[in-house]
Amino acid sequence: RSDSKKGRAGHRSPLQIMEDYRRHHLECDRKLIVEWLTDTYRVPQLTWSNGFRRQLAQRYQVPEQLDLDIVEEEDSDQDLEPPADELLGEISGAEWDRLVDINPSFPGQVVEAAEKSGWPAVDRLRWRTSAGAQKIPP
Numbered sequence: 612r613s614d615s616k617k618g619r620a621g622h623r624s625p626l627q628i629m630e631d632y633r634r635h636h637l638e639c640d641r642k643l644i645v646e647w648l649t650d651t652y653r654v655p656q657l658t659w660s661n662g663f664r665r666q667l668a669q670r671y672q673v674p675e676q677l678d679l680d681i682v683e684e685e686d687s688d689q690d691l692e693p694p695a696d697e698l699l700g701e702i703s704g705a706e707w708d709r710l711v712d713i714n715p716s717f718p719g720q721v722v723e724a725a726e727k728s729g730w731p732a733v734d735r736l737r738w739r740t741s742a743g744a745q746k747i748p749p
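Start counting the sequence shown at 612; every next residue gets the next number (the numbering used here).
Next comes the structure, spelled out in structure tokens:
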């Protein structure tokens, strides 16, 4: 889970630095983010442990495939139409930042509420998150 990642030995992780920059807009944080993005550009984020790939191939006898090959194979097997984009509503950037500050899991809750019950559920979630029991939702 990316929201629970911590830096080593008391240092901040890249995600913590990005969150700090989102909140405080410090130039030193921006420079660290740019440095991290520059240094990690096109660097694989996931790598195999020594010998693990070979062990899997021997145990399960599955041919090695690239991610792109798997996706192309799945696309050719199914004739699926991409989901239609639909704007349910809008939340201003300032309100979004405030709601995420109050409840860091708010983005995931918004997606879940929108998928289950549409914009009215998202609107209720906004009210509950920002006002708690002090205000009655519309």
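Even for Gly, the Cβ is constructed at its ideal location relative to N, Cα and C.
Taking C-beta separations shorter than 7 Å and ignoring five residues to either side along the sequence, the partners of LEU643 in its chain run ILE628, following chain order. For TYR671, the three-state secondary structure derived from DSSP is helix. Just so you know, the alpha carbons of GLY719 and ARG641 end up roughly 25 Å apart. Inclusion of ALA742 and ALA732 in the CB contact set at 8 Å is not warranted, their separation being larger than that value. In the three-state DSSP reduction, PRO655 falls in the coil class, being neither helix nor strand.
In the three-state DSSP reduction, LYS642 falls in the helix class (H, G or I).
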